[in-house]
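**Student:** Right, I'll just put the structure down here and ask away after.
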Amino acid sequence: MRPSDVSTLRTRPTPAGEQPPVPYTRRTMAAQDLVVTRFAPSPTGHLHIGGARSALFCWAFAARARLDGRDGRFMIRIEDTDQARSSEESARGILDDLAWLGITWEDGPVLKSTPASGDANQETRTIGGDSRGVGPYFQAQRVAIYNAYVESLVKAGRAYPAFETTEELEARRKAAVAAKQTYRYERPADVQPGVFNEARWSRALAGERHVVRFVAPPGDIVVHDSILGDVRIAPGELDDLVIRKADGFPTYHFAVVIDDELMGVTHVLRAQEHLANTPRHVAMQQALVRLPEHTGGRSGVPFRTPVYGHMPVICNMDGSKMSKRDKAKIARKFLRDAIDVIQKGAKQPLIPHLQKITGMSRDQLFRAIVAVLDVQQDPVRTTSIDDRLSQLLMFEIGDSDSIEVASAIAEYFAISLPEIEIWDFRKSGYLPEVIINFIALLGWNPGMKDAAGKDVEKFDLPFIAEHFSLDRVGKSSAKFDRAKLLSFNGDAIAAMPDDEFVRRWRQWLSDYEPAALARLDSLGESTLKTLAPAVKPRAKTLRDTLKPIAFALATDEGYQFDTAALEKNLKANGGAGAALVREFRGVLAALATWDAPAVHTALEEFAKSKGFVTEKGVNVGPVAQPLRVAIAGVAVSPPLGESLAVLGKQSTLARIDRCLLAL
RNA sequence: GGCCCCGUCGUCUAGCCUGGUCCAGGACACCACCCUUUCACGGUGGUGACGAGGGUUCGAAUCCCUCCGGGGUCACCA
104 MRPSDVSTLR TRPTPAGEQP PVPYTRRTMA AQDLVVTRFA PSPTGHLHIG GARSALFCWA
164 FAARARLDGR DGRFMIRIED TDQARSSEES ARGILDDLAW LGITWEDGPV LKSTPASGDA
224 NQETRTIGGD SRGVGPYFQA QRVAIYNAYV ESLVKAGRAY PAFETTEELE ARRKAAVAAK
284 QTYRYERPAD VQPGVFNEAR WSRALAGERH VVRFVAPPGD IVVHDSILGD VRIAPGELDD
344 LVIRKADGFP TYHFAVVIDD ELMGVTHVLR AQEHLANTPR HVAMQQALVR LPEHTGGRSG
404 VPFRTPVYGH MPVICNMDGS KMSKRDKAKI ARKFLRDAID VIQKGAKQPL IPHLQKITGM
464 SRDQLFRAIV AVLDVQQDPV RTTSIDDRLS QLLMFEIGDS DSIEVASAIA EYFAISLPEI
524 EIWDFRKSGY LPEVIINFIA LLGWNPGMKD AAGKDVEKFD LPFIAEHFSL DRVGKSSAKF
584 DRAKLLSFNG DAIAAMPDDE FVRRWRQWLS DYEPAALARL DSLGESTLKT LAPAVKPRAK
644 TLRDTLKPIA FALATDEGYQ FDTAALEKNL KANGGAGAAL VREFRGVLAA LATWDAPAVH
704 TALEEFAKSK GFVTEKGVNV GPVAQPLRVA IAGVAVSPPL GESLAVLGKQ STLARIDRCL
764 LAL
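104 is the number of the first residue of the first sequence in the numbering used here; add one for each residue after it.
The structure is reproduced here in structure tokens:
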């Protein structure tokens, strides 16, 4: 049976063999009322959709605890222990993405940000802080703490310096794989569990290059998981893992254990990909004791094991784990498909073929492509052509999954890469509240029915906070269904009041399509407002809005006439359509008021006067379609009332004249 | 490959713990029809699943076992 989160928290079971928790300051003060969850991203890129979901569930758990009258806190910690890949810019980006989604944290890095909707009208606010005094929240600033605990473990004989080189270990690993055996690090013969190895420690202190490894315990490790139930790991499955790297930084596993304890984390909710690591974390918790400086001077206070909950992984539709690498995969596939197609068409291999027509060497060809990428990606040319070239080659042969190269290829060839990171979805015009709603549904559902007996599946952050509980988190991985996300987003756009839509549409256009916004504003200050009711039902995303308004984005001279549309609507039947448009032009020219209802009325009356009436009423089609082609160039556009209103009388007449002339 | 987790329509899922009300409900997608000045929106209806095989039971999607399938993980990355 899976314990509910509430009962787990109130009566946390003490498994056999585990020390009962020893009270110390924080515990006696706050007792079991303190609930601390955390999201701990590595600042090596943008916020991933799966990371966002982890953050959301942690946020929701803490928020729910608060609603239940407890001291629920959601905390952010930046795991920047990978010196080579971490960046402050990335950390800032992740925090921004969370704030954009509307996820806020009580404890953690401080961020000044605009709230959920990205709505410029609302005030900026500050998120984060250190009210419990357990920071800093960047692990790179906590190295001294990790070192103190490493030393305590070494002195207790529960860890030891190891001096093998990376090459040595790699060779052993290869040998094991070649012999079809599972590789495990073999503990050196001179290391005795529980005995301080002074000789090794001295070598380390003397400056010899080393890592520190944790002595894996001999017995079973049982992880109590409030989502999955108990997970038991047999002895011998765990080898002596590295807890401090040669550069002096802790590994993820070690830093996590130290920080979760010191920062008072009570509930660790994360993706199932971490499940296999959890026994290691538990083993370390059982070996570690708080240093006196972290317990107000008392000694002998053991680390506790938080409540764990491992949630399902988010997968692509093909079942593989959704990963940033998917972008590279798509871009690479495109490159190869393109090469295939060209090869088939040209009936000869692409590279030699191109070499033949350009007279370039293979290297020069790649240089040419790279030069284009270089200009687009790196206008100031901070990287050399050679660097770019080698990047692209690496990418092409599959040895590199660089998102930058993938993006450059996508931009150059105008293909679209799948949205994987929150930033991608934002750029594509998804609404933050929809993303929240949708990712909440990936692995969790409120299990409620509405009045009509249908599943409740449209909800917002406050609803999630109110209803979230671990026993409704699923166990099986979920495929990320983009079609359903799109549908939800379209529903949200359609349901928005016009003025709100206009505000958020404007914001998005200004962020991602400023030229389009400038053009629309040049048509009149209420253009967006006029367009709103016509655009909303036609756009699933904010980027989608650009399609139905393409006619307005083009200048009066700038749009093309589709010949088939011209033929069918204007020229057919001896130019009947053209004649109607010519006649209706006069009506329009005489129109005193120029807005959507007025245009629409004029259209109907004109149609009626022409006798286009059926038993169902006036049929404006015979006039509307030719007119549509005249002003838009194609047979598809939003309703003509709004369309003409936005263009204005002058442009409308000019477009009609241009069309008539083009026949 | 070792270890671990998971398995209800194509997809997300309700139902499973507390067997019968389930010849399995909802949503997205798909199909048909209706509405309609185009494209959309909307409305109505439809196709569609308990992975397989054994048990237990009067009765199993629900409990047990085996098999099969999928995923995760095996770094001085987090």
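All C-beta atoms in this analysis are idealised placements derived from N, C-alpha and C, irrespective of residue type, glycine included.
Looking only at C-alpha atoms, which of F164, P321 and D362 sits nearest to A247?
**Tutor:** D362
**Student:** According to the Cβ coordinates, are M178 and D136 closer than 8 Å?
**Tutor:** no
**Student:** Can you give the beta carbon distance from F591 to N548, rounded, assuming they're within the 8 Å contact cut?
**Tutor:** The Cβ separation is near 14 Å, so there is no contact.
**Student:** Helix, strand or coil for L730, going by three-state DSSP, please let me know.
**Tutor:** helix
**Student:** Counting pairs of Cβ atoms below 8 Å between the segment 316-328 and the segment 401-416, do you hit three or more?
**Tutor:** Counting C-beta pairs with one atom in each stretch, the segment 316-328 and the segment 401-416 have three or more that are closer than 8 Å, which means they touch.
**Student:** What whole-angstrom Cβ distance do K530 and Y662 have, given they're in contact under 8 Å?
**Tutor:** At roughly 26 Å, the Cβ-Cβ gap does not stay under 8 Å, so K530 and Y662 are not in contact.
**Student:** Look at the Cβ atom of H149, then the Cβ atom of D200, and state whether they are nearer than 8 Å.
**Tutor:** Contact: yes.
**Student:** Report yes if the C-beta distance between T147 and D171 is below 8 Å; otherwise report no.
**Tutor:** no
**Student:** Please name the residue, chosen from D601, A653, F357 and A597, that lies closest to R641 on a Cα-to-Cα basis.
**Tutor:** A597
**Student:** Please report how far the alpha carbon of F406 lies from the alpha carbon of A621, in whole angstroms.
**Tutor:** 59 Å
**Student:** Is P146 a contact residue of the ligand HEM, with contact defined as CB to any heavy atom under 7 Å?
**Tutor:** The model depicted lacks the ligand HEM and carries no ligand whatsoever.
**Student:** Tell me whether the segment 382-393 and the segment 416-435 touch, counting them as touching only if at least three CB pairs, one residue from each stretch, are closer than 8 Å.
**Tutor:** no
**Student:** What do you get for N676, buried or exposed, if any count of 16 or more other CB atoms within 10 angstroms of its CB means buried?
**Tutor:** exposed
**Student:** Give me whichever residues DSSP pairs with K582 in a beta bridge.
**Tutor:** C418
**Student:** Do three or more CB pairs link the segment 300-319 to the segment 263-273 at distances below 8 Å?
**Tutor:** Segment contact: the segment 300-319 against the segment 263-273, three or more CB-CB distances shorter than 8 Å; contact assigned.
**Student:** If we count the other Cβ atoms within 10 Å of its Cβ and call it buried at 16 or more, is S157 buried or exposed?
**Tutor:** buried
**Student:** Among the residues of its own chain, which have a CB less than 8 Å from the CB of F528, if the five just before and after it don't count?
**Tutor:** I152, E522 and I538
**Student:** Are V737 and A682 closer than 8 Å when you measure CB to CB?
**Tutor:** Going by C-beta atoms, V737 is not nearer than 8 Å to A682.
**Student:** Output the residue ranges of the alpha helix (DSSP H) runs that lie fully inside the segment 588-620 and measure 4 residues or longer, sorted by chain position.
**Tutor:** If we require 4 residues or more, the alpha helix (DSSP H) runs fully inside the segment 588-620 come out as 601-615.
**Student:** In chain order, what residues of the same chain lie with their CB nearer than 6 Å to the CB of F664, ignoring the 5 residues before and after it?
**Tutor:** G736 and A765
**Student:** Does the beta-carbon distance from A692 to G744 come in below 8 Å?
**Tutor:** no
**Student:** Could you give the DSSP three-state label for L372: helix, strand or coil?
**Tutor:** Strand, per DSSP.
**Student:** Spatial neighbours of L331 within its chain, please: C-beta separation below 7 Å, excluding the five flanking residues on both sides.
**Tutor:** H413 and K578
**Student:** Could you compute how far the alpha carbon of F583 sits from the alpha carbon of E560?
**Tutor:** Spanning the two alpha carbons is a distance of roughly 16 Å.
**Student:** May I have the straight-line CA-CA distance separating S334 from R606, to the nearest angstrom?
**Tutor:** According to the sequence as given, residue 334 is Val; it is not Ser. Taking the straight line joining both Cα atoms gives about 50 Å.
**Student:** Looking at R141: is its Cβ nearer than 8 Å to the Cβ of R180?
**Tutor:** Yes, the pair counts as a contact, with Cβ atoms nearer than the cut-off.
**Student:** With DSSP run on the structure shown, which of helix, strand or coil describes V237?
**Tutor:** coil
**Student:** Can you list, in chain order, the residues of its chain with a C-beta nearer than 7 Å to that of Q753? Leave out the 5 residues immediately preceding and following it.
**Tutor:** none
**Student:** By Cβ distance below 6 Å, which residues in the same chain neighbour S629 in space, the five residues on each side in sequence not counted?
**Tutor:** Apart from sequence neighbours up to five positions away, no residue of its chain approaches S629 with a beta-carbon distance below 6 Å.
**Student:** Nearest to E254 by alpha carbon, out of A274, I230, N300 and D293?
**Tutor:** N300
**Student:** Roughly how many angstroms separate the alpha carbons of L626 and R173, rounded to a whole number?
**Tutor:** 55 Å
**Student:** Determine the DSSP secondary structure at P126, reduced to helix, strand or coil.
**Tutor:** Per-residue confidence for P126 stands at a pLDDT of 33, beneath the threshold of 50, marking its modelled position as unreliable; no derived number is given.
**Student:** How would you call R758, buried or exposed, if buried means at least 16 neighbouring beta carbons within 10 angstroms?
**Tutor:** Buried.
**Student:** For the beta strand (DSSP E) that Y263 lies in, which residues bound it at each end?
**Tutor:** In the DSSP assignment, Y263 falls within the unbroken beta strand (DSSP E) covering A262 to A265.
**Student:** I believe I346 touches A251 by the beta-carbon criterion, under 8 Å. Please report the beta-carbon distance rounded to the nearest angstrom.
**Tutor:** Not really, about 13 Å apart at Cβ, beyond 8 Å.
**Student:** Contact check, Y288 vs D233 under 8 Å by CB: the rounded distance?
**Tutor:** So it is not a contact: roughly 38 Å between Cβ atoms.
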